[in-house]
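Participant:
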Amino acid sequence: MSSFAEKFAQLSLSDQRTILIDPRVKAKIGKWKPFYKRLTDFNFIDAKVNHSDFGVQSLIEDYDLINDSELLNNPEYNPEQVKTLKLIQGGLRLSAHILVKDKKQLAGQLWGRMQHFDVPEIQVMLKVAKQQVLPWFCPLTSNLISPGGSLLLTLTGHNSWVTAIAVTPDGKRVISASDDKTLKLWNLETGEDERTFNGHSSSVRAVALTPDGKQVISASDDKTLKLWNLETGEDERTFKGHSGWVHAVALTPDGKRVISASNDNTLKLWNIQTGEEIATFTGEAPFNCCAVAADGVTIVAGESSGRLHFLRLENVE
Numbered sequence: 015m016s017s018f019a020e021k022f023a024q025l026s027l028s029d030q031r032t033i034l035i036d037p038r039v040k041a042k043i044g045k046w047k048p049f050y051k052r053l054t055d056f057n058f059i060d061a062k063v064n065h066s067d068f069g070v071q072s073l074i075e076d077y078d079l080i081n082d083s084e085l086l087n088n089p090e091y092n093p094e095q096v097k098t099l100k101l102i103q104g105g106l107r108l109s110a111h112i113l114v115k116d117k118k119q120l121a122g123q124l125w126g127r128m129q130h131f132d133v134p135e136i137q138v139m140l141k142v143a144k145q146q147v148l149p150w151f152c153p154l155t156s157n158l159i160s161p162g163g164s165l166l167l168t169l170t171g172h173n174s175w176v177t178a179i180a181v182t183p184d185g186k187r188v189i190s191a192s193d194d195k196t197l198k199l200w201n202l203e204t205g206e207d208e209r210t211f212n213g214h215s216s217s218v219r220a221v222a223l224t225p226d227g228k229q230v231i232s233a234s235d236d237k238t239l240k241l242w243n244l245e246t247g248e249d250e251r252t253f254k255g256h257s258g259w260v261h262a263v264a265l266t267p268d269g270k271r272v273i274s275a276s277n278d279n280t281l282k283l284w285n286i287q288t289g290e291e292i293a294t295f296t297g298e299a300p301f302n303c304c305a306v307a308a309d310g311v312t313i314v315a316g317e318s319s320g321r322l323h324f325l326r327l328e329n330v331e
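Everything in the sequence shown is counted per the numbering used here, starting at 15 for the first residue and increasing by one.
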């Protein structure tokens with residue numbers, strides 16, 4: 015155990031919290047050097063990840079303080095050091111889905127993602143990590159995805175295939191559908207699983223968000239569609255009428271009507287507020303996909319036969 019860890023363990027809970035909140039204090043008063051030193055210190059990183067009141071997400075948010083106005087106005091503010099902090103934050107963000115389950119993997123995750131960066135502070139951080147007492151696997155190469163690339167974070171929580179996703183209009187959250195019969199709402203800034211939607215009795219195949227981003231429609235192998243309140247998770251309405259799996263959904267631009275495509279060889283038009291089935295179009299084979307054009311009245315739907323159908327909503331019967 016490092017001297018930092020030994021001393022930290024002997025502190026009262028109140029004093030531990032004071033130390034772990036320290037980067038926010040430094041940012042608020044514009045002290046760049048101690049702020050930078052704290053967030054490149056493996057011992058501090060390890061302590062915050064492992065503390066029950068904080069954890070990896072709280073630590074990740076500390077690095078966002080580089081944009082604090084007080085720090086930006088400090089003459090010692092260093093753009094190169096900012097890049098270093100962003101790399102460490104990126105490494106932690108990529109590792110977050112592992113660390114929330116097993117905090118002991120912190121050192122291995124950082125070594126596997128960052129050992130190839132020729133940055134003195136990162137190399138010192140990794141050297142300190144290597145001195146931890148607990149047995150751990152130390153990767154000899156950067157065998158994990160590194161920060162700075164296209165991948166920002168990984169979201170884990172479903173226990174079966176993810177079949178569909180939709181992003182909220184503000185771009186801050188995503189809703190996912192899965193063969194595990196659930197939908198999940200994720201925060202794209204934190205990676206947090208904010209809510210799970212339970213109610214379908216079989217795989218969820220498709221999702222579509224209302225234009226205002228407040229509700230989501232789901233389609234399932236249980237032959238139904240469901241309308242959910244995104245904020246409460248409430249199952250507001252169930253649409254029944256299909257006799258087969260529902261493969262796809264699409265909303266009209268005004269958010270008032272929804273189209274569903276099913277392997278019962280039909281497309282159905284529904285009133286989203288009442289759940290009423292307005293019209294049905296019958297094809298010659300199962301429908302696998304559908305879309306509504308920007309004009310709000312033209313539908314395009316694809317059959318398993320390989321055919322595409324173009325329809326006008328006012329003519330659907």
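For every residue, glycine included, the Cβ atom is placed at its ideal position computed from N, Cα and C. Quick caveat, the model's predicted, so the values are computed rather than measured.
Closer than 8 Å is the cut-off here; do at least three beta carbon pairs connect the region 141 to 153 with the region 175 to 186?
Facilitator: The region 141 to 153 is not in contact with the region 175 to 186.
Participant: Between which two residues does the alpha helix (DSSP H) harbouring W46 extend?
Facilitator: Where W46 is concerned, the enclosing alpha helix (DSSP H) stretches over 46 to 53.
Participant: Of the choices G185, V314, G227, Q24, whose alpha-carbon is the least far from that of K282?
Facilitator: K282 has its Cα closest to that of V314, out of G185, V314, G227, Q24.
Participant: Pick out whichever of R326, I80, L239 has its Cα sitting closest to the Cα of A307.
Facilitator: Nearest of R326, I80, L239 to A307, Cα basis: R326.
Participant: Enumerate in chain order the residues of its own chain whose CB-to-CB distance from P153 is below 8 Å, with the five nearest sequence positions on each side excluded.
Facilitator: For P153, where only same-chain residues beyond five positions count, the Cβ hits under 8 Å are G122, W125, G126, Q129.
Participant: Would G258 and N277 be called neighbours here (beta carbons separated by less than 8 Å)?
Facilitator: Contact: yes.
Participant: Quick one: grab the DSSP three-state call for I74.
Facilitator: Helix, per DSSP.
Participant: Rounded to whole angstroms, what's the CA-CA distance from T155 to N302? Just pull it up for me.
Facilitator: The alpha-carbon atoms of T155 and N302 are separated by roughly 44 Å.
Participant: Counting pairs of Cβ atoms below 8 Å between the region 221 to 240 and the region 202 to 209, do you hit three or more?
Facilitator: With the cut-off at 8 Å, the region 221 to 240 and the region 202 to 209 do not touch.
Participant: Between S319, R321, P225, T177, which has its C-alpha nearest S217's C-alpha?
Facilitator: It is T177.
Participant: Please check the pair D76 and L53, which I expect to be a contact at CB under 8 Å, by giving their CB distance rounded to whole angstroms.
Facilitator: Indeed, because the Cβ distance is near 6 Å, the residues count as touching under 8 Å.
Participant: How should Q95 be labelled, buried or exposed, when 16 other C-beta atoms within 10 angstroms of its C-beta is the threshold for buried?
Facilitator: Classification of Q95: buried, given that the 10 Å Cβ count is 16 or more.
Participant: Would you kindly check if the distance between the Cβ of L244 and the Cβ of L199 is under 8 Å?
Facilitator: In contact: L199 and L244 (Cβ atoms closer than 8 Å).
Participant: What does DSSP give as the partner residue(s) for V221 in the beta ladder?
Facilitator: V221 is bridged to S232.
Participant: From Q103, K237, T288, pick the residue whose C-alpha is nearest to that of N279; which is it?
Facilitator: The shortest C-alpha separation from N279 is found at K237.
Participant: Leaving out the 5 sequence neighbours to the left and right, which residues in its chain are closer than 8 Å to V272 when beta-carbon positions are compared?
Facilitator: So the list reads A222, I231, L239, F253, V263, A264, L265, T266, L283, W284, I286, once near-sequence residues are dropped.
Participant: Excluding the 5 residues flanking L73 on each side, which residues of the same chain have their C-beta closer than 8 Å to its C-beta?
Facilitator: Counting only Cβ-Cβ distances below 8 Å, and skipping sequence neighbours, we find I59, K62, V63, L106.
Participant: Considering just the uninterrupted stretch of the alpha helix (DSSP H) at H261, what are its terminal residues?
Facilitator: Counting along the chain, H261 falls outside any alpha helix (DSSP H), though it belongs to the beta strand (DSSP E) covering 260 to 265.
Participant: I'd like the span of the alpha helix (DSSP H) that includes L122, first residue to last.
Facilitator: First, the amino acid is wrong: residue 122 is Gly here, not Leu. It spans 120 to 128 - the alpha helix (DSSP H) in which G122 sits, taken as one unbroken run.
Participant: Assign A23 to buried or exposed, taking buried as 16 or more other Cβ atoms, counted over all protein chains shown, within 10 Å of its Cβ.
Facilitator: So A23 ends up on the exposed side.
Participant: Using DSSP with H/G/I as helix, E/B as strand and the rest coil, what is F211?
Facilitator: Strand, per DSSP.
Participant: I179 by DSSP, collapsed to three states: which one?
Facilitator: Strand.
Participant: So what does DSSP say about S28, is it helix, strand or coil?
Facilitator: Three-state DSSP puts S28 in a helix.
Participant: Out of T210, S164, N201, which one is the CA nearest neighbour of N173?
Facilitator: Among T210, S164, N201, the Cα nearest to that of N173 belongs to T210.
Participant: Per DSSP, which residues does G316 bridge with? Please list them.
Facilitator: DSSP, once it has assigned bridges, lists C303, L322 as partnering G316.
Participant: Give the straight-line distance between the Cα atoms of S319 and K186, rounded to the nearest whole angstrom.
Facilitator: Taking the straight line joining both Cα atoms gives about 38 Å.
Participant: Starting from E291, follow the beta strand (DSSP E) in both directions and report where the run begins and ends.
Facilitator: First-last of the beta strand (DSSP E) with E291: 291 to 296.
Participant: Using 8 Å for Cβ pairs, my map puts W150 next to Y91. What's the rounded Cβ distance?
Facilitator: That pair is no contact at about 35 Å.
Participant: If you check the beta carbons only, do E317 and G289 fall under 8 Å apart?
Facilitator: Result no, Cβ atoms of E317 and G289 do not sit closer than 8 Å.
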